[in-house]
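The structure appears right after this line, and notes come after that.
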Amino acid sequence: MTPEMQHIWWVDAETLGDTSWMDLTEAMESAKVSPPIMQTVGFVLVDHEDYVAITDSLGDKECGHVTKIPRVMIQRREILVHGKQEMGRMG
């Protein structure tokens, strides 16, 4: 079975600054900017009520890294390819 492939737009949590102190004025200005909207395209491994787990690469017995996106952060989802039952391999 090949999982469904989706394009997901989601709001990313963002941390400002590094290990040193930050100027308060600079921090306040940075804090006013909205978090970035990210886009992820891949195979949906788990479609849970709280999150979606998606991978960018998929083999018979292995996959690439898995990204878990909390549903409250998802703004939009688009199905690119519906999941299907494997009928055989080419080659």
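Going by the working numbering, the sequence shown opens with residue 25, and the numbers climb by one from there. A virtual CB, placed ideally from N, CA and C, is assigned to each residue, including glycine.
In angstroms, rounded to a whole number, what distance separates the CA positions of residue i and residue j?
i, j, result
"threonine 79", "isoleucine 103", "14 angstroms"
"lysine 56", "serine 81", "36 angstroms"
"leucine 69", "glutamine 63", "17 angstroms"
"threonine 43", "tyrosine 75", "30 angstroms"
"glutamate 86", "glycine 107", "17 angstroms"
"alanine 51", "glycine 41", "8 angstroms"
"proline 60", "proline 94", "15 angstroms"
Helix, strand or coil: which one does DSSP assign to residue i?
i, result
"methionine 62", "strand"
"methionine 52", "helix"
One question on the structure: do residue i and residue j come within less than 7 angstroms of each other, judged by their Cβ atoms?
i, j, result
"histidine 89", "valine 65", "no"
Length at least 4, wholly inside the segment 64-112: the alpha helix (DSSP H) runs in chain order: none
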